[in-house]
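Peer 1:
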Ligand SMILES: Cc1ncc(COP(=O)(O)O)c(C=O)c1O
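Numbering (the numbering used here), first residue to last: 101 to 481.
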């Protein structure tokens, strides 16, 4: 369905989530054909996808960067990097201020890596000065991992400053930019990140099915022989793609066709800058509307990004999240439960094919449902 003929009902749901998310008609249509995994046309699409991914980060192969596609969801890409990059004898420092940082620490432990963590509260950004101090104090740390947009809350970490600090100490930097890449600018020609990970179904607005890693060729080369699993061997995956342009194992063909279309549409929209501007307008419209309804954001605005916003539950015991969620879904709006550990929150994503009028329609529905539930927020609805 075209955005111009959009309807809001239980058969035409809009996803206000961090992915899978609402995709364009063009992206959905791109999947309506079958391609063979060794078909020349498909191999060319894979090459173009890899080239376009590098361009989004403002780098190319001549500058020593590579894009590696890994089948599976975003977590598979993160695990491929963590379990391939950190060698035996290395030590990984994970910067944690939410569930996705915790997940990296957990997967590192599972692989038997030497892992240490620095932790901040879920409402606080990573402090680069403290990372600097820690790297001074612990020369055994070889790799640092951070989250770009901590989707647990919607917080944006100061990635450029963290990257500078990690580079100053000569350590490798791994960035989980899952929910940020494509909408939060990241210029690898200026900022030193060894591995950036994201997935098909976030800000590039494709459908779920693979993750991708943008990395320095030098850093990739140092992964050779480190991997603890066969399928998540980042180096071998790259070597396979380089050898014949094909995947080692069955590729998600339709997902790649959709993603290729999504990359073209991202360009047509005006690239990362234009996408960020639309998401930011969505976010601003949402927060303004929800505050008018008496709902409060969890994060302070100086750490809040334009990807997803966490809202406190209204302080009225008549508010039941499950009822609220079901009523919104009936009207065609799918939101997301909260993930923060120290407050009752729900989340609303504003990425994907969502525009200002969709956000306004959502806010109207939220107001109507709160009134139906008899929930008092202190606002005059
Ligand atoms: C920052 C971050 N990292 C990792 C993931 C995991 O991705 P997936 O659920 O696709 O495995 C997500 C998912 O939302 C995320 O937001």
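A virtual CB, placed ideally from N, CA and C, is assigned to each residue, including glycine.
(1) Quick one: grab the DSSP three-state call for residue 335.
(2) Tell me whether residue 247, by its Cβ, gets closer than 7 Å to a heavy atom of ligand 1.
(3) Since residue 360 is in the beta strand (DSSP E), which residue starts that stretch and which ends it?
(4) Throw me the rounded Cβ distance for the residue 195 and residue 226 pair, which I believe falls under 8 Å.
(5) I'd like to confirm the pairing. Which residues does DSSP put opposite residue 312 in its beta bridges?
(6) When every heavy atom of ligand 1 is checked, does at least one fall within less than 7 Å of the C-beta of residue 278?
(7) How far does the beta strand (DSSP E) with residue 259 in it extend, from its first residue to its last?
(8) Answer with buried or exposed for residue 133, where buried requires no fewer than 16 other C-beta atoms within 10 angstroms of its C-beta.
(9) Whose C-alpha, out of 416, 356, 284, 251, is nearest the C-alpha of residue 170?
(10) Excluding the five sequence neighbours on either side, which residues of its own chain have a C-beta within less than 8 Å of the C-beta of residue 436, listed in chain order?
(11) State yes or no: is the C-beta of residue 410 nearer than 7 Å to some heavy atom of ligand 1?
(12) Just to confirm, is the Cβ distance from residue 280 to residue 127 under 8 Å?
(13) Considering Cα atoms alone, identify which of 313, 311, 310, 339 is closest to residue 324.
(14) Would you be able to state if there are at least three C-beta pairs under 8 Å between the region 139 to 148 and the region 326 to 340?
(15) Among the candidates 285, 479, 248, whose CA atom is the shortest distance from the CA of residue 274?
(16) Strictly by DSSP, which residues pair up with residue 404?
(17) Could you please give the first and the last residue of the uninterrupted beta strand (DSSP E) stretch that includes residue 482?
(18) Alpha carbons only, please: which of 411, 392, 394 is nearest the one belonging to residue 401?
(19) Return the Cβ separation of residue 297 and residue 277 in integer angstroms, given the expectation that the two are a contact with Cβ distance under 8 Å.
(20) Mind checking whether the beta-carbon of residue 441 lies closer than 7 Å to any heavy atom of ligand 1?
(21) From this set, 254, 230, 229, 292, which residue's C-alpha is nearest residue 260's C-alpha?
(22) In its own chain, which residues sit with a C-beta less than 8 Å from the C-beta of residue 287, not counting the 5 before and 5 after it?
(23) Less than 8 Å separating the beta-carbons of residue 240 and residue 306?
(24) Using a threshold of 8 Å, state whether the C-beta atoms of residue 460 and residue 397 are closer than that.
(25) According to the neighbour-count rule (16 or more other Cβ atoms, all chains shown, within 10 Å of its Cβ), is residue 180 buried or exposed?
(26) Please state the DSSP three-state secondary structure of residue 223.
Peer 2: Quick answer:
(1) Note: residue 335 maps to helix in three-state DSSP.
(2) Flag set: Cβ of residue 247 near ligand 1.
(3) Per DSSP, residue 360 lies in no beta strand (DSSP E) segment; the continuous alpha helix (DSSP H) that holds it begins and ends at 353 to 369.
(4) The pair is a contact, with the Cβ atoms about 5 Å apart (cut-off 8 Å).
(5) Note: residue 312 sits in a beta bridge opposite 169, 298.
(6) For residue 278, the distance from the CB to the nearest heavy atom of ligand 1 is below 7 Å.
(7) Looking at the DSSP string, residue 259 is not in any beta strand (DSSP E); the run it does join, the alpha helix (DSSP H), is 259 to 268.
(8) Taking all protein chains shown into account, residue 133 has fewer than 16 neighbouring C-beta atoms within 10 Å of its C-beta and is therefore exposed.
(9) Per the Cα distances, 356.
(10) Around residue 436: 116, 117, 118, 408, 446, 447, 448, 449.
(11) Proximity of the beta carbon of residue 410 to ligand 1 is not indicated: no heavy atom of the ligand is located closer than 7 Å.
(12) No, they are not a contact pair.
(13) Residue 339 is the option with its Cα nearest to residue 324.
(14) With the rule of 3 Cβ pairs closer than 8 Å, the region 326 to 340 does not count as touching the region 139 to 148.
(15) Nearest C-alpha to residue 274: 248.
(16) Bridge partners of residue 404: 255.
(17) Absent from the structure is residue 482, since the part of the chain shown begins at 101 and ends at 481.
(18) Of the candidates 411, 392, 394, 411 places its Cα closest to the Cα of residue 401.
(19) Contact flag correct, Cβ pair sits at about 6 Å.
(20) Remark: the C-beta of residue 441 is outside contact range of ligand 1, defined as less than 7 Å to any heavy atom.
(21) For residue 260, the closest C-alpha among the options 254, 230, 229, 292 is that of 292.
(22) Closer than 8 Å at Cβ, skipping near neighbours: 157, 158.
(23) Against a cut-off of 8 Å, the Cβ pair of residue 306 and residue 240 comes out as no contact.
(24) Contact flag unset, no.
(25) Buried is the call here.
(26) Reduced to three states, the DSSP call for residue 223 is coil.
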